[in-house]
Amino acid sequence: TITTIPTHRLITDSFKNWRGMSQTGARRIKRAIVIDVSSIRIQTEEEVDHFTRFALLADYIRTKEQDLADYNAGLTTEVDAEVNRRRLTNVGTFRAYAFNYLKNHPRIDQNMTLIVRQLEPGPEGLPLEIYCFTNTTEWAAYEDIQSDIFDHLMAIIPEFGLRLFQKPAGSDLLNLKYEAVEKANP
Numbered sequence: 001t002i003t004t005i006p007t008h009r010l011i012t013d014s015f016k017n018w019r020g021m022s023q024t025g026a027r028r029i030k031r032a033i034v035i036d037v038s039s040i041r042i043q044t045e046e047e048v049d050h051f052t053r054f055a056l057l058a059d060y061i062r063t064k065e066q067d068l069a070d071y072n073a074g075l076t077t078e079v080d081a082e083v084n085r086r087r088l089t090n091v092g093t094f095r096a097y098a099f100n101y102l103k104n105h106p107r108i109d110q111n112m113t114l115i116v117r118q119l120e121p122g123p124e125g126l127p128l129e130i131y132c133f134t135n136t137t138e139w140a141a142y143e144d145i146q147s148d149i150f151d152h153l154m155a156i157i158p159e160f161g162l163r164l165f166q167k168p169a170g171s172d173l174l175n176l177k178y179e180a181v182e183k184a185n186p
């Protein structure tokens, strides 16, 4: 099909060019998971040991612990004070998990950009953006791949001691109301 577009429409309207997607055979995923910042914290030694048993995290934990040990060994201030030392955080470990999950996903194009990054925190929390490309351009398959990835990441996030941010609504507000009534009438 050949379509004619009036020249003034090129200035006044926006158009999406799908050629790049068609030529590469890949389709971009660019979506964020918003993490409740009140759930971000330093990991305990027990948690770090627990995560070394995750196949997707074992190498990360080993490498990161060595990096942190090297950094902390070079401190000239009192290293016994916890505040002076660098340590693993649950959000950093989850970010590494998400990255390695995508690196090992059979439907993610490993030859294209793959990033898991923190965006600027806001009133809703800390957005953790997933930026990668599927190895298909077929719409239904793309949506299935994207949904499977986010289903998995959202389901496993409590394992890291993190919570997703969600504005209170419906049952959340009812629970708050019942909690307030119970506190008022013990």
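Residue numbers 1 to 186, in our numbering, belong to the letters of the sequence shown in order.
Using N, Cα and C, we set each Cβ at its ideal position, and we do this for glycine too.
Every value quoted in this text rests on a predicted model; they were computed, and no experiment measured them.
Who are the Cβ neighbours of I40 in its own chain at under 6 Å, not counting the five residues just before and after it?
V91
Can you list, in chain order, the residues of its chain with a C-beta nearer than 7 Å to that of K64? Leave out the 5 residues immediately preceding and following it.
Excluding sequence neighbours, K64 sits near L88.
Below 8 Å CB to CB, which residues in the same chain sit around P121 once its five sequence neighbours on both sides are set aside?
V37 and P127
Quick check: what's the CA-CA separation for F165 versus Q146?
20 Å
Measure the CB-CB distance between Y142 and R27 and report whether it falls below 7 Å.
yes
Cα separation between T44 and L10?
Taken atom to atom, the span from the alpha-carbon of T44 to that of L10 is near 57 Å.
Same chain only: Cβ atoms within 8 Å of K103, ignoring 5 sequence neighbours per side
The residues are Q110 and L114.
Is Y71 closer than 7 Å to R275 when the C-beta atoms are compared?
The question about residue 275 has no answer, for the chain in this structure spans 1 to 186.
Tell me which residues share the same chain as I61 and place their Cβ nearer than 6 Å to its Cβ, disregarding the 5 neighbours each side in the sequence.
F51 and T52
For E46, the first and last residue of its enclosing alpha helix (DSSP H):
E45 to F51
Count the other CB atoms, across all protein chains shown, that sit within 10 Å of the CB of L153; report buried if there are 16 or more and exposed otherwise.
Counting other Cβ atoms within 10 Å of its Cβ, L153 reaches 16 or more and is therefore classed as buried.
Anticipated Cβ contact below 8 Å, R107 with T134, distance rounded
6 Å
Length of the line joining the Cα atoms of D59 and K167
36 Å
For G161 and V181, the rounded distance between their alpha carbons
29 Å
Please state the DSSP three-state secondary structure of L114.
L114: coil per DSSP, three-state reduction.
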